[in-house]
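Below is one structure, written out as structure tokens, with a few remarks after it.
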Amino acid sequence: PKSALGHGAPGFGEEAFDFLYPLAIMNATMDSLFHTEPGFTTYNLLHHNRFLVNASDRRVVKPNIDDLYSASYLDLPSDTVVAFHVPDTDGRYYVAQFMDF
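Using this note's numbering, the first residue of the sequence shown is number 113, and each one after it goes up by one.
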């Protein structure tokens, strides 16, 4: 099998990279979105942007400039079931994205 680096069977270093790199990128994204300080956790909190982003904002790859964003990183046990409910938006468009890492 090929690793993410495109080589043949991966060695320990490549396996470690394939496993750890996405985790490091997600952590860096969380830090940039929530401006975390050392010793401050942002898990299990819902953060709302109260302003529209502009084209110079690079915290998200290609943000929509006419959308408000909310985000949360949840630290949940593996056996937790989460029910997600959105109140009536009166036909307004919304998107919810869930990722597990």
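A virtual CB, placed ideally from N, CA and C, is assigned to each residue, including glycine.
Assign residue i to buried or exposed, taking buried as 16 or more other Cβ atoms, counted over all protein chains shown, within 10 Å of its Cβ.
i: Tyr206; result: exposed
i: Tyr185; result: buried
Expressed to the nearest angstrom, what Euclidean distance is found between the alpha-carbon atoms of residue i and residue j?
i: Glu266; j: Thr201; result: Shown here, the chain extends from 113 to 213; a query on residue 266 therefore has no answer.
i: Asn176; j: Pro189; result: 32 Å
i: Phe210; j: Gly203; result: 22 Å
i: Leu158; j: Phe146; result: 10 Å
i: Ser144; j: Asp130; result: 22 Å
i: Asp179; j: Asp169; result: 13 Å
i: Lys174; j: Gly123; result: 35 Å
i: Pro134; j: Pro199; result: 33 Å
i: Leu132; j: Val194; result: 26 Å
i: Ala128; j: Ala208; result: 31 Å
Assuming residue i contacts residue j (C-beta within less than 8 Å), just tell me the rounded distance between them.
i: His160; j: Ser182; result: 5 Å
i: Thr154; j: Met142; result: 6 Å
i: Asn156; j: Asp187; result: 6 Å
Going by CA-CA distance only, name the one from the options that's closest to residue i.
i: Ala192; options: Asp212, Leu158, Pro199; result: Position check: residue 192 holds Thr in this sequence, whereas Ala was assumed. Selected option, being the one with the closest Cα: Asp212.
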